[in-house]
Every structure is written in C-alpha cells, then in structure tokens.
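S.K.:
Residue numbers (the working numbering): 53 to 211.
(1) Please report the straight-line C-alpha distance between residue 240 and residue 90, rounded to a whole angstrom.
(2) Out of 73, 131, 140 and 161, point me to the one whose CA is closest to residue 206's CA.
(3) If we call anything under 8 angstroms between Cβ atoms a contact, is residue 81 one with residue 141?
(4) Determine the extent of the beta strand (DSSP E) in which residue 68 is found, giving its start and end residues.
(5) Taking residue 198 as part of the alpha helix (DSSP H), name the residues at either end of that continuous run.
(6) Would you identify the three-state DSSP class for residue 101, choosing helix, strand or coil?
(7) For residue 159, report the span of its beta strand (DSSP E) as first-last.
(8) Would a C-beta distance cut-off of 8 angstroms place residue 107 and residue 151 closer than the cut-off?
(9) Decide yes or no for the touch test of the region 194-201 against the region 106-120: beta carbon pairs closer than 8 angstroms, at least 3 of them.
(10) So which of 136, 138, 149 and 166 has the shortest CA-CA distance to residue 79?
(11) Cα separation between residue 120 and residue 183?
(12) Buried or exposed, going by whether 16 or more other CB atoms sit within 10 Å of the CB of residue 53?
(13) Which residue marks the beginning of the beta strand (DSSP E) containing residue 137, and which one marks its end?
(14) Among 138, 74 and 76, whose alpha-carbon lies nearest the alpha-carbon of residue 117?
(15) Tell me whether residue 145 sits in a helix, a strand or coil according to DSSP, three-state version.
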C-alpha cells in the first residue's frame, strides 16, 4: 500500500515553490506507458497552465486535496465558457474535463495540491494541443493571461 501523507504534500509544495514553473508533480503510476496515469500535482499561485485540450477522447479527472484552483473552459475563440472553483469548501470537489475541451486552471492558494487521473500512456509530444490564442509558457504575456484567468467572467475573451 502506498500512502501520501501531509508531510509528502508539504514537501511537494515546497519543491513547486522553488521551481521556475511553480508546479511539481509526483507520479503514482510506475511508467509513462501505464494505461492509467495517477499523479499528485502541486501548483503554486502564479503558475501558468497554458490553455490546452487533449485529443482522442482523453479526459482527465481531478480533485483538490488542499488549497483551491479555478478551472476555466474555453471555446475555440478563447471565450470563457465556464469557471469553477475546486477544492475543499469550494463550489466543486471533483471535476472531469472531457477530451477535446479547451481548459486551464489557476492556483488560488499557496500549498495547493490536486490529484489527477487520466488515461495513458503519456506521450509529451502528443498529450496536449495548445490554444493558438494563448501565449506560450514563458512568453511576455503569459503572466497577464494567468492573472486575467483569476477573474475572467463567463463570455469574456482574452485579447
């Protein structure tokens, strides 16, 4: 049996805080080829998750173990279609994002960690289709989009 305790979550969050991307995952699956991917992901405020989608019906399910995130879904033009607060005491306890859905998230609290399950195998080159309207990670406007996603209303479009 494998147990992920609070000390492990603390350590994962500490690693995330020290990384330029401000996030760090801990895989529970043995290999990237596994048919089901299971991971804890520490996401600190300010981390930029470029809006993306997963092709081929590749869904993902996650629940926030501690802290909170705001999950946004978008239309093809970047229009916000939904925004949901996820975490203990928030609007949602668990979210499933269907394959083909443009989505992103922002971390709302230091120490936020979520648990994610998605179909494998994981192939970094084929896992995500990034939205053309969203800046690349590290680009000048990436931080602006991350900040905008904290408060963007349904129907708003990133420009």
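Backbone N, C-alpha and C define an ideal beta-carbon position, used for all residues, glycine too.
M.R.: With the given structure in hand:
(1) The requested residue 240 is not part of the displayed model; the chain covers only 53 to 211.
(2) Indexing the chain shown from 1 puts residue 206 at position 154. Measuring from the Cα of residue 206, the nearest candidate turns out to be 131.
(3) Here residue 81 is taken as the residue at index 29 of the chain shown, counted from 1. Here residue 141 is taken as the residue at index 89 of the chain shown, counted from 1. In this structure, residue 141 does not lie closer than 8 angstroms to residue 81 by Cβ.
(4) By one-based count along the chain shown, residue 68 stands at place 16. First-last for residue 68: 58-70, but that is the alpha helix (DSSP H), not the beta strand (DSSP E).
(5) Working through the chain shown from its first residue, we reach residue 198 at position 146. 194-201 is the span of the alpha helix (DSSP H), which, as asked, contains residue 198.
(6) Numbered from its first residue, the chain shown carries residue 101 at position 49. Coil at residue 101, not helix or strand.
(7) Indexing the chain shown from 1 puts residue 159 at position 107. Element bounds for residue 159: 154-159.
(8) By 1-based counting over the chain shown, the position of residue 107 is 55. By 1-based counting over the chain shown, the position of residue 151 is 99. Contact: yes.
(9) no
(10) Looking up residue 79 in the chain shown gives position 27. Nearest C-alpha to residue 79: 166.
(11) By 1-based counting over the chain shown, the position of residue 120 is 68. By 1-based counting over the chain shown, the position of residue 183 is 131. Those two C-alpha atoms are separated by around 24 angstroms.
(12) Within the chain shown, residue 53 is the residue found at index 1, counting from 1. Residue 53 is exposed by the Cβ-count criterion.
(13) The residue labelled residue 137 in the question sits at position 85 within the chain shown. Per DSSP, residue 137 belongs to the beta strand (DSSP E) from 132-138.
(14) Along the chain shown, one-based indexing puts residue 117 at 65. Restricting attention to 138, 74 and 76, the CA atom closest to the CA of residue 117 is found in 138.
(15) Here the question's residue 145 lines up with position 93 in the chain shown. Here residue 145 sits in coil by DSSP.
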